[in-house]
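See below for the structure under consideration.
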Amino acid sequence: MSPALNILRRDIHISGAVQGVGFRPFVYRTASAFGVKGWVRNDSQGVTIRALGSEDLLERFQRALRDRAPEPARIREIRVLAERSVEDEDLSDDFRILDSEMTEDVTASISPDLAICAECLRELMDEKDRRYRYPFINCTACGPRYSILESIPYDRAHTTMRDFQMCEQCAREYEDPADRRYHAQPNACPACGPHVALWSPSGREMAAQHDALILAADGIREGRIVAVKGLGGFHLMADARNEDALKELRRRKGREEKPLALMFPWMALIREACDVNELEARTLAGPEAPIVLLRKRQNSTCGLAGVVAPGNPFLGVMLPYTALHYLLMHELGIPVVATSGNRTDEPLCIDEREALQRLEGIADLFLVHDRPIARPVDDSVVRVAAGRLTILRRARGYAPRPVLLDQAVPEPMLAVGAHQKNAVALALGTEAFISQHVGDLDTAPAFRAFEETVRALSVLYCAEPRIIACDQHPDYASTRFARETDAPVRVIPIQHHHAHIVSCMVDNRLDGRVLGVAWDGTGYGSDGTVWGGEFLLADRRRYERIGHLRTFPLPGGDAAAREPRRAALGLLYELGGPEMLLREDIAPLRDLKPEQSRILRQMLQKEMQTPHTSSVGRLFDAVAALLDVRQDCTYEGQAAMELEHAAWRAPADTPPYAIPFSDGQADWAPMIGRILEDLKLNRDKDVIARSFHEGLARLIVDMARLADEPRVVLSGGCFQNALLLERAVALLTQAGYTPYWHHQVPPNDGGIALGQLAIALNTEH
Ligand code: ZN
Ligand code: ZN
Ligand code: FE
211 MSPALNILRR DIHISGAVQG VGFRPFVYRT ASAFGVKGWV RNDSQGVTIR
261 ALGSEDLLER FQRALRDRAP EPARIREIRV LAERSVEDED LSDDFRILDS
311 EMTEDVTASI SPDLAICAEC LRELMDEKDR RYRYPFINCT ACGPRYSILE
361 SIPYDRAHTT MRDFQMCEQC AREYEDPADR RYHAQPNACP ACGPHVALWS
411 PSGREMAAQH DALILAADGI REGRIVAVKG LGGFHLMADA RNEDALKELR
461 RRKGREEKPL ALMFPWMALI REACDVNELE ARTLAGPEAP IVLLRKRQNS
511 TCGLAGVVAP GNPFLGVMLP YTALHYLLMH ELGIPVVATS GNRTDEPLCI
561 DEREALQRLE GIADLFLVHD RPIARPVDDS VVRVAAGRLT ILRRARGYAP
611 RPVLLDQAVP EPMLAVGAHQ KNAVALALGT EAFISQHVGD LDTAPAFRAF
661 EETVRALSVL YCAEPRIIAC DQHPDYASTR FARETDAPVR VIPIQHHHAH
711 IVSCMVDNRL DGRVLGVAWD GTGYGSDGTV WGGEFLLADR RRYERIGHLR
761 TFPLPGGDAA AREPRRAALG LLYELGGPEM LLREDIAPLR DLKPEQSRIL
811 RQMLQKEMQT PHTSSVGRLF DAVAALLDVR QDCTYEGQAA MELEHAAWRA
861 PADTPPYAIP FSDGQADWAP MIGRILEDLK LNRDKDVIAR SFHEGLARLI
911 VDMARLADEP RVVLSGGCFQ NALLLERAVA LLTQAGYTPY WHHQVPPNDG
961 GIALGQLAIA LNTEH
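Note that this note's numbering has the sequence shown beginning at 211, numbered continuously upward.
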């Protein structure tokens, strides 16, 4: 090389999710291809690269790093740390991968679990490959991560793979920087890795290895319910076309009507059952491989049983995301129900011995394996709404990927979230690491899972939080946990709906003041009443409640969430007093037993166990009951969901009901009056449901005008409703406002922890 050529030595830092995803081998291969010299190593914030070459070469190298990064990697920023000219004798070395440099401040991203990659799939089906049909094939671009990790740094000794001694061939791949399996911590093969087996309900081994998969598939085909140990826990699987098998599954699991998720063997079959747009297809097949809510196709030829999702225009669908699922599904060639392996309201089962007991009487067969699962990680659920992905349940594939706070926390801070759909979060540096979906905290096992999640997060990130943010609700299990902890911590209670709005602000990287529309089922208001239909002028520090839904009494309080007719009765009582409850032409009153009617009337008149609420979620329930869409729920949110489904069926140009706003209250009374008239006139209920949705979307735009805030943030469980969300987004945009909604964390209470962190961070302490 000519000494005249100007050689630069450039230190480059890349931050983001770049560890445990095959990024260093990718840098190595790219550098080798370009003839760039130097080295790469992991650090606590990402990777650092020292690159030597001409300026032109380095520019092209950097561009390649950005543009060709392996799919699961998420580059946040590529930054040049330092650069200087060097003598060309510095070029004698090749490009090398150096060992990790661990610093005390460990914020390097722990990767989520990744769906099987195309390369591994090819090998899986190649008869000549030594991993032909091996259910635990993986590489640096795919496979288990978070679900096998027990402590950091991320290397094999800290994962549940530690007891599997790599064979010579696997060890060679693991040591070779040019190999796809260089430092692939779960690397394994049939000779040295985990294996599957099929067990009877008593735990007797009926078959091993590939025979176990074949027999499990046979069982499903014959109508049995098979418990399958997968990546982050057990599924219960059954033939999705077999009405009897699914009814039996629902009966045994105690899951009456809640929709069941489906796993399809391949995309073409999904397209036969559902409409799939490009973003949905990419999401299904991406490394996160979540359950995607898709619109059912009319006249589908798939033969799916009606009990999968009764009366629901959407199906929750996923593709196989591990080699084990892939092999099983390809053997079957039919869609199966793949619902989480637990009893209703209990945490997911992760251990095969425990599963024999906990799933006793539910599963007929157990397809198990001997790779331990470090923690339960459910399937994530997403939907495309208003043209973008919204996460409804954040777990496998996403957790514990951090969300950027855009502010640095002075010390580790924990947020324990809400009570329903709980998830917790840990703030370190400028990032919030959000746990997988933990679930509702009503049962003792669920609470133990919550405690374990908090503990594991602290262990994984070596953080002992001194500040804990929690909800203001004194009776949330998470709040009690924060208040009763033995550690010397400062507890900062955060208002529920403020947390919703700030969560959405952080999700969208917003700062400053916004109009927040926080609509959900219930949350503890700062005045001690039950909120849920709130308009807040908010920033990351404080909020002002500038308006809310007109309140109404809710006989039975929380019990009303399961019994929409209670919300309807409260609404009618508020509207017309006791006489209103004697009208027999109104659905929720018509079918009421006299005894029940008397009790509810008394509760309302004497205000016994009857809080007043401004909840939009309960307004949805009340309208669903008035339309006789639903009087009793078998699962949370059912009435509101069914009202949404009714509204989708009505014409798009259905006019809104007016919801006037004055004196700080959005008054539903004129609308309910109109609904009662329209019911009397026998108007189409789908149209009434649609006018209701349109009215609420219109109300949001009216409030934006009134508040005169250009940015409108939509959060809370009500915005899981795709119709409400899309109409609000469309009308706000038309009117010149900029709407924001959720993408990285759920609009429901699963997103609360993120908001709690950001507010606590801005609170004086
Ligand atoms: Zn792979
Ligand atoms: Zn091996
Ligand atoms: Fe909420």
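Glycine is no exception: its CB is placed at the ideal position from the N, C-alpha and C atoms. This structure is a prediction, so every number in the text was calculated from the model and none was measured.
1) Mind listing, in chain order, the continuous alpha helix (DSSP H) runs of no fewer than 4 residues lying wholly within the segment 290-365?
2) Check each candidate in Arg332, Gly905 and Val613 and name the one with the smallest Cα separation from Arg884.
3) Would the beta-carbon of Ala351 be found less than 6 Å away from any heavy atom of ligand 1?
4) Ligand 3 heavy atoms versus the CB of Asp650: any closer than 6 Å?
5) Report yes if the C-beta of Glu383 is less than 6 Å from at least one heavy atom of ligand 1; otherwise report no.
6) Report the rounded CA-to-CA distance for Gly230 versus Ile326, giving the unit in angstroms.
7) Just to confirm my understanding: we take Arg693, look at its own chain, exclude 5 residues before and 5 after, and list those with CB closer than 7 Å. What are they?
8) Assign Asn216 to one of two classes, buried (16 or more other C-beta atoms within 10 Å of its C-beta) or exposed (fewer than that).
9) Between Gly733 and ligand 3, is there a pair consisting of the residue's CB and a ligand heavy atom that are separated by less than 6 Å?
10) Can you have a look at Pro920 and say buried or exposed, based on whether 16 or more other CB atoms are within 10 angstroms of its CB?
11) So does the segment 621-629 actually touch the segment 515-525, counting three or more Cβ pairs closer than 8 Å?
12) Excluding the 5 residues preceding and the 5 following Gln954 in the sequence, name in chain order all residues of the same chain whose CB lies nearer than 7 Å to its CB.
13) Output the boundary residues of the alpha helix (DSSP H) element that contains Ala917.
14) Output needed for Phe244: all residues of its chain with C-beta closer than 8 Å, excluding positions within five of it in sequence on either side, in chain order.
15) Could you give the first and the last residue of the continuous alpha helix (DSSP H) run that contains Glu983?
16) Measure the Cβ-Cβ separation of Ser825 and Tyr867 and say whether it is below 7 Å.
17) Cutting at 8 Å between CB atoms, please list the residues of its own chain near Gln812, excluding the five before and the five after it.
18) Please confirm whether Asn958 and Glu854 have their CB atoms less than 7 Å apart.
19) Since Arg239 contacts Ala388 with CB under 8 Å, what's their CB separation in whole angstroms?
20) Below 6 Å CB to CB, which residues in the same chain sit around Leu459 once its five sequence neighbours on both sides are set aside?
21) Three or more C-beta pairs under 8 Å: does that hold for the segment 536-555 against the segment 461-477?
22) Candidates Ile222, Gly847, Pro865 and Glu329: which alpha carbon is nearest Arg276's?
23) For ligand 3, is there any heavy atom lying closer than 6 Å to the beta carbon of Asp959?
24) Please indicate yes or no: does the CB of Cys380 lie closer than 6 Å to some heavy atom of ligand 1?
25) Tell whether a beta-carbon distance below 7 Å holds between Pro655 and Glu556.
26) Is the beta carbon of Val290 less than 7 Å from the beta carbon of Val257?
27) So the beta strand (DSSP E) Pro804 belongs to, where does it begin and stop?
28) Can you have a look at Gly413 and say buried or exposed, based on whether 16 or more other CB atoms are within 10 angstroms of its CB?
29) What is the DSSP secondary structure of Tyr950, reduced to helix, strand or coil?
30) With DSSP collapsed to three states, give me the class of Asp768.
31) Arg278: buried (16+ other C-beta within 10 angstroms of its C-beta) or exposed?
32) Tell me, please, which residues DSSP counts as bridged to Glu415.
33) If you drop the 5 nearest sequence neighbours on each side, which residues of the same chain put their C-beta closer than 7 Å to that of Glu936?
34) Among the residues of its own chain, which have a CB less than 8 Å from the CB of Leu941, if the five just before and after it don't count?
35) Ala970 to Phe929, Cα distance in whole Å?
36) What are the boundary residues of the alpha helix (DSSP H) that Gly787 is part of?
The short version:
1) 328-334
2) Gly905
3) yes
4) no
5) no
6) 14 Å
7) Val701
8) exposed
9) yes
10) exposed
11) no
12) Ile601, Val613 and Asp717
13) Lys895 to Ala917
14) Gly263, Leu267, Arg270, Phe271 and Ala274
15) Given that the chain is displayed from residue 211 to residue 975, the structure contains no residue 983 and the question cannot be resolved.
16) no
17) Met818
18) no
19) 7 Å
20) Ile435 and Ala448
21) yes
22) Ile222
23) yes
24) no
25) yes
26) no
27) Pro804 -> not in any beta strand (DSSP E); alpha helix (DSSP H) instead, spanning Pro804 to Lys816.
28) exposed
29) strand
30) helix
31) exposed
32) Trp409
33) Ala595 and Ala596
34) Ala907, Arg908, Ile910 and Val911
35) 24 Å
36) Pro774 to Met790
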